[in-house]
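Written out below as C-alpha coordinates is the structure these notes cover.
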Amino acid sequence: MGTLIDFVLHIDAHLVNIVNNFGDWTYLILFAIIFIETGAVIMPFLPGDSLLFAAAALSANPNYTLNVWLFVIIFLIASICGDSLNFYLGSKFGDLIPKHKILGKFIKEKDLKKAREFFEKYGALAIFLARFMPIIRTFVPFVSATTDFPYKRFIRYNLPACITWVAICCGAGFYFGNIPVVKEHFSMVIIGIVLVSLIPAVVGIIKSKVAKD
(Lines of atoms letter the chains of each structure in order from A; the text may use other names.)
(Lines give C-alpha, C1' and ligand atoms only; values in the text may rest on other atoms or scores of the structure.)
Protein backbone atom coordinates (compact mmCIF):
# COMPACT_ATOMS: atom_id res chain seq x y z
CA MET A 165 0.00 0.00 0.00
CA GLY A 166 2.89 2.36 0.75
CA THR A 167 4.23 1.82 -2.76
CA LEU A 168 0.83 2.65 -4.23
CA ILE A 169 0.55 5.86 -2.21
CA ASP A 170 4.04 6.88 -3.32
CA PHE A 171 3.09 6.16 -6.94
CA VAL A 172 -0.02 8.35 -6.69
CA LEU A 173 1.67 11.25 -4.87
CA HIS A 174 4.71 11.27 -7.18
CA ILE A 175 2.91 10.06 -10.27
CA ASP A 176 4.63 12.64 -12.48
CA ALA A 177 8.09 11.28 -11.63
CA HIS A 178 6.94 7.68 -11.99
CA LEU A 179 5.41 8.40 -15.40
CA VAL A 180 8.69 9.91 -16.54
CA ASN A 181 10.44 6.69 -15.51
CA ILE A 182 7.86 4.62 -17.38
CA VAL A 183 8.29 6.71 -20.52
CA ASN A 184 12.09 6.54 -20.33
CA ASN A 185 12.08 2.78 -19.77
CA PHE A 186 9.22 1.65 -21.98
CA GLY A 187 8.83 4.33 -24.66
CA ASP A 188 5.69 3.81 -26.76
CA TRP A 189 4.66 0.90 -24.53
CA THR A 190 3.67 3.64 -22.05
CA TYR A 191 0.34 3.98 -23.85
CA LEU A 192 -0.46 0.30 -23.31
CA ILE A 193 0.66 0.38 -19.67
CA LEU A 194 -1.55 3.37 -18.84
CA PHE A 195 -4.43 1.82 -20.79
CA ALA A 196 -4.12 -1.29 -18.62
CA ILE A 197 -4.13 0.71 -15.37
CA ILE A 198 -7.32 2.61 -16.25
CA PHE A 199 -9.00 -0.52 -17.62
CA ILE A 200 -8.16 -2.59 -14.54
CA GLU A 201 -9.20 0.20 -12.13
CA THR A 202 -12.87 -0.43 -12.94
CA GLY A 203 -12.90 -3.57 -15.08
CA ALA A 204 -11.25 -5.87 -12.55
CA VAL A 205 -13.63 -4.70 -9.76
CA ILE A 206 -11.12 -5.78 -7.08
CA MET A 207 -8.69 -2.88 -7.68
CA PRO A 208 -10.63 0.36 -7.06
CA PHE A 209 -7.57 1.88 -5.37
CA LEU A 210 -5.59 2.27 -8.62
CA PRO A 211 -5.08 5.91 -9.71
CA GLY A 212 -7.63 7.32 -12.13
CA ASP A 213 -8.14 11.08 -12.24
CA SER A 214 -4.56 11.83 -11.20
CA LEU A 215 -3.14 9.48 -13.82
CA LEU A 216 -5.06 11.17 -16.65
CA PHE A 217 -4.01 14.61 -15.39
CA ALA A 218 -0.33 13.65 -15.10
CA ALA A 219 -0.21 11.84 -18.46
CA ALA A 220 -1.77 14.80 -20.28
CA ALA A 221 0.64 17.19 -18.53
CA LEU A 222 3.56 15.06 -19.66
CA SER A 223 2.29 15.03 -23.24
CA ALA A 224 2.26 18.84 -23.23
CA ASN A 225 5.93 18.90 -22.28
CA PRO A 226 8.05 19.26 -25.46
CA ASN A 227 10.79 17.15 -23.87
CA TYR A 228 8.65 14.05 -24.37
CA THR A 229 7.23 12.73 -27.64
CA LEU A 230 3.82 11.86 -26.27
CA ASN A 231 0.55 12.51 -28.08
CA VAL A 232 -2.26 13.87 -25.91
CA TRP A 233 -4.91 12.80 -28.45
CA LEU A 234 -3.66 9.24 -28.32
CA PHE A 235 -3.95 9.41 -24.53
CA VAL A 236 -7.51 10.71 -24.86
CA ILE A 237 -8.45 7.82 -27.16
CA ILE A 238 -6.89 5.05 -25.05
CA PHE A 239 -8.27 6.45 -21.78
CA LEU A 240 -11.73 6.72 -23.31
CA ILE A 241 -11.63 3.14 -24.61
CA ALA A 242 -10.16 1.85 -21.33
CA SER A 243 -12.83 3.50 -19.17
CA ILE A 244 -15.75 2.42 -21.36
CA CYS A 245 -14.50 -1.15 -21.76
CA GLY A 246 -13.57 -1.37 -18.07
CA ASP A 247 -17.05 -0.28 -16.97
CA SER A 248 -18.64 -2.67 -19.46
CA LEU A 249 -16.58 -5.61 -18.16
CA ASN A 250 -17.48 -4.55 -14.62
CA PHE A 251 -21.16 -4.55 -15.56
CA TYR A 252 -20.83 -8.00 -17.14
CA LEU A 253 -19.15 -9.42 -14.01
CA GLY A 254 -21.94 -7.96 -11.89
CA SER A 255 -24.64 -9.51 -14.07
CA LYS A 256 -22.99 -12.95 -14.04
CA PHE A 257 -21.34 -13.18 -10.62
CA GLY A 258 -22.85 -10.35 -8.57
CA ASP A 259 -23.97 -12.57 -5.71
CA LEU A 260 -20.97 -14.89 -5.75
CA ILE A 261 -17.89 -12.63 -5.79
CA PRO A 262 -18.45 -10.91 -2.38
CA LYS A 263 -18.83 -14.36 -0.76
CA HIS A 264 -15.67 -15.78 -2.36
CA LYS A 265 -12.86 -16.52 0.14
CA ILE A 266 -10.25 -14.54 -1.77
CA LEU A 267 -12.21 -12.07 -3.90
CA GLY A 268 -14.42 -11.21 -0.93
CA LYS A 269 -11.39 -9.63 0.74
CA PHE A 270 -11.21 -7.06 -2.06
CA ILE A 271 -14.91 -6.60 -2.73
CA LYS A 272 -16.40 -5.99 0.68
CA GLU A 273 -20.13 -6.12 1.25
CA LYS A 274 -20.06 -2.74 3.02
CA ASP A 275 -18.55 -1.08 -0.08
CA LEU A 276 -21.17 -2.69 -2.30
CA LYS A 277 -23.84 -1.52 0.12
CA LYS A 278 -22.66 2.09 -0.18
CA ALA A 279 -22.62 1.83 -3.97
CA ARG A 280 -26.07 0.22 -3.93
CA GLU A 281 -27.47 3.03 -1.75
CA PHE A 282 -25.88 5.59 -4.06
CA PHE A 283 -27.42 3.87 -7.09
CA GLU A 284 -30.84 3.56 -5.48
CA LYS A 285 -30.80 7.23 -4.49
CA TYR A 286 -29.78 8.68 -7.86
CA GLY A 287 -30.99 5.95 -10.18
CA ALA A 288 -29.56 5.95 -13.68
CA LEU A 289 -27.91 9.33 -12.99
CA ALA A 290 -25.62 7.51 -10.53
CA ILE A 291 -23.90 5.84 -13.49
CA PHE A 292 -22.86 9.27 -14.79
CA LEU A 293 -21.96 10.75 -11.39
CA ALA A 294 -19.98 7.70 -10.23
CA ARG A 295 -17.41 8.12 -13.01
CA PHE A 296 -16.13 11.20 -11.16
CA MET A 297 -15.91 9.49 -7.77
CA PRO A 298 -12.99 7.17 -6.90
CA ILE A 299 -13.95 3.80 -5.38
CA ILE A 300 -17.67 4.41 -6.05
CA ARG A 301 -17.08 4.34 -9.83
CA THR A 302 -15.68 0.84 -9.51
CA PHE A 303 -18.73 -0.56 -7.75
CA VAL A 304 -21.68 1.26 -9.37
CA PRO A 305 -21.49 -0.62 -12.72
CA PHE A 306 -21.24 -3.88 -10.77
CA VAL A 307 -24.17 -3.00 -8.50
CA SER A 308 -26.36 -1.69 -11.31
CA ALA A 309 -25.99 -5.01 -13.11
CA THR A 310 -27.12 -6.93 -10.02
CA THR A 311 -30.42 -4.98 -10.08
CA ASP A 312 -31.19 -6.25 -13.59
CA PHE A 313 -30.55 -2.79 -14.99
CA PRO A 314 -30.37 -3.21 -18.81
CA TYR A 315 -26.92 -2.78 -20.38
CA LYS A 316 -28.31 -0.67 -23.25
CA ARG A 317 -29.55 1.87 -20.74
CA PHE A 318 -26.34 1.61 -18.71
CA ILE A 319 -24.16 2.45 -21.71
CA ARG A 320 -26.33 5.48 -22.58
CA TYR A 321 -25.25 7.08 -19.31
CA ASN A 322 -21.78 5.58 -19.20
CA LEU A 323 -20.61 6.89 -22.61
CA PRO A 324 -21.16 10.62 -21.89
CA ALA A 325 -19.73 10.12 -18.39
CA CYS A 326 -16.48 8.63 -19.72
CA ILE A 327 -16.20 11.27 -22.45
CA THR A 328 -16.68 14.10 -19.95
CA TRP A 329 -14.30 12.54 -17.41
CA VAL A 330 -11.49 12.07 -19.93
CA ALA A 331 -12.02 15.54 -21.43
CA ILE A 332 -11.88 17.29 -18.04
CA CYS A 333 -8.92 15.36 -16.59
CA CYS A 334 -6.80 15.38 -19.76
CA GLY A 335 -7.74 18.94 -20.63
CA ALA A 336 -6.78 20.18 -17.16
CA GLY A 337 -3.49 18.28 -17.24
CA PHE A 338 -2.56 19.43 -20.74
CA TYR A 339 -3.29 23.13 -20.19
CA PHE A 340 -2.36 23.55 -16.53
CA GLY A 341 -0.02 20.67 -15.65
CA ASN A 342 3.11 22.45 -16.84
CA ILE A 343 2.50 25.80 -15.19
CA PRO A 344 5.58 26.40 -12.97
CA VAL A 345 3.66 26.63 -9.69
CA VAL A 346 1.78 23.42 -10.53
CA LYS A 347 4.98 21.56 -11.46
CA GLU A 348 6.69 22.70 -8.27
CA HIS A 349 3.82 21.49 -6.10
CA PHE A 350 2.64 18.56 -8.20
CA SER A 351 2.13 16.25 -5.22
CA MET A 352 -0.12 18.82 -3.54
CA VAL A 353 -2.09 19.23 -6.76
CA ILE A 354 -2.60 15.46 -6.96
CA ILE A 355 -3.77 15.38 -3.34
CA GLY A 356 -6.15 18.22 -4.18
CA ILE A 357 -7.54 16.30 -7.15
CA VAL A 358 -8.13 13.23 -4.97
CA LEU A 359 -9.79 15.26 -2.21
CA VAL A 360 -12.05 17.15 -4.61
CA SER A 361 -13.14 13.92 -6.28
CA LEU A 362 -14.02 12.47 -2.86
CA ILE A 363 -16.23 15.41 -1.83
CA PRO A 364 -19.49 13.99 -3.31
CA ALA A 365 -18.97 10.68 -1.49
CA VAL A 366 -18.21 12.42 1.82
CA VAL A 367 -21.25 14.69 1.47
CA GLY A 368 -23.41 11.66 0.73
CA ILE A 369 -22.17 9.84 3.85
CA ILE A 370 -22.76 12.90 6.05
CA LYS A 371 -26.27 13.37 4.67
CA SER A 372 -27.16 9.71 5.24
CA LYS A 373 -25.93 9.87 8.86
CA VAL A 374 -27.81 13.10 9.51
CA ALA A 375 -30.96 11.58 8.02
CA LYS A 376 -30.66 8.53 10.32
CA ASP A 377 -30.26 10.78 13.38
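Using this note's numbering, you'd call the opening residue of the sequence shown number 165 and step up by one each time. The C-beta atom is built at its ideal place from N, Cα and C for all residues, glycine as well.
**Residue span of the alpha helix (DSSP H) that contains R301, given as start and end** = I300 to T310 is the span of the alpha helix (DSSP H), which, as asked, contains R301.
**Asked** Is it true that the region 313 to 333 meets the region 237 to 252, where meeting means three or more beta-carbon pairs spaced less than 8 Å apart?
**Response** Touching, yes, given that three or more Cβ pairs across the two stretches are closer than 8 Å.
**Message:** My assumption, with CB atoms under 8 Å, is that C326 sits in contact with S243. Please give the rounded CB distance.
**Reply:** About 4 Å; that satisfies the 8 Å criterion.
**Distance between beta carbons of A309 and I300, contact taken as under 8 Å** = At roughly 15 Å, the Cβ-Cβ gap does not stay under 8 Å, so I300 and A309 are not in contact.
**Item:** Within 8 Å, strictly: CB atoms of I175 and A220
**Value:** Their beta carbons are not under 8 Å apart, which means I175 does not touch A220 by this criterion.
**Message:** Contact defined as beta carbons within less than 8 Å: I believe S223 pairs with F338. What is the distance between those atoms, to the nearest angstrom?
**Reply:** Distance from S223 to F338 at the Cβ level is roughly 7 Å; contact confirmed, criterion being Cβ atoms closer than 8 Å.
**Message:** Let me make sure I understand the geometry here. Which of F239, V307 and P324 has the alpha-carbon closest to that of K274?
**Reply:** Selected option, being the one with the closest Cα: V307.
**Item:** F282 versus G203: straight-line alpha-carbon distance, rounded
**Value:** F282 and G203 have their C-alpha atoms spaced approximately 19 Å apart.
**Per-residue burial, I238 [other beta carbons within 10 Å of its own, 16 or more giving buried]** = Sixteen is the threshold: when 16 or more other Cβ atoms of the shown chains lie within 10 Å of the Cβ of I238, as they do, the residue is buried.
**Counted within 10 angstroms of its Cβ, other Cβ atoms place F186 as buried (16 or more) or exposed** = Looking at its Cβ environment, which holds fewer than 16 other Cβ atoms inside 10 Å, F186 is exposed.
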